[in-house]
Amino acid sequence: MLKHIVLFKLKNGLDPHTPCMMKDALEGLIGKIPEIRKMEVGIDMTASPVSYQVALYTEFDDKESLLSYQRHPEHLKVAEFVIGQSEQRAVVDYMA
């Protein structure tokens with residue numbers, strides 16, 4: 001199982017509902033992209049200066065499934081929105 005984790009640090013001055021809109025957009029991919037085996041989207045509760053505001057956790061069968069997900073038109077549409085709200089991202093992919 002391939003685990004794909006992305007943390008998003010949002011731009012300053014965004015609408016306070018932006019994290020929820022990002023969560024809804026990402027969770028909207030469930031059922032549209034068959035390669036997604038599991039997805040969780042979390043919104044930071046601490047609001048510390050070093051926090052990232054949104055976390056994405058997904059599981060895929062293998063690297064090819066992740067690549068297929070990343071190229072899917074629905075993912076590309078959501079990614080454009082999510083990345084547009086972000087000033088920084090951190091990503092880790094690993095097999096478990």
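Residue numbering for the sequence shown follows the working numbering, beginning at 1 and increasing consecutively.
Every residue gets a Cβ at the ideal spot worked out from N, C-alpha and C, and that includes glycine.
Note that this is a predicted model, so its numbers are computed, not measured.
Member of 76, 63 and 77 whose CA lies at the smallest distance from the CA of residue 1: The residue given as residue 1 occupies position 1 in the sequence shown. Nearest option by C-alpha distance: 63.
Identity of the residue in 95, 92, 86 and 91 nearest residue 18 by Cα: Position 18 of the sequence shown, counted from the first residue, corresponds to residue 18. The option with the nearest alpha carbon to residue 18 is 86.
Identity of the residues DSSP links to residue 8 by a beta bridge: Here residue 8 corresponds to residue number 8 of the sequence shown, with the count starting at 1. In DSSP, residue 8 forms a bridge with 54 and 89.
Candidates 51, 73 and 14, of which the one nearest residue 33 by Cα: Here residue 33 corresponds to residue number 33 of the sequence shown, with the count starting at 1. Comparing Cα-Cα distances from residue 33 to each of 51, 73 and 14, the minimum goes to 73.
CB contact flag (residue 52, residue 9, <8 Å): For the purposes of this step, residue 52 is taken as the residue at position 52 of the sequence shown. For the purposes of this step, residue 9 is taken as the residue at position 9 of the sequence shown. Yes, the pair counts as a contact, with Cβ atoms nearer than the cut-off.
Contiguous beta strand (DSSP E) assignments of at least 3 residues, all confined to the segment 15-48: 38-43
Residue 67 versus residue 95 - alpha carbon distance: The residue labelled residue 67 in the question sits at position 67 within the sequence shown. The residue labelled residue 95 in the question sits at position 95 within the sequence shown. Whole-angstrom Cα-Cα distance: 14 Å.
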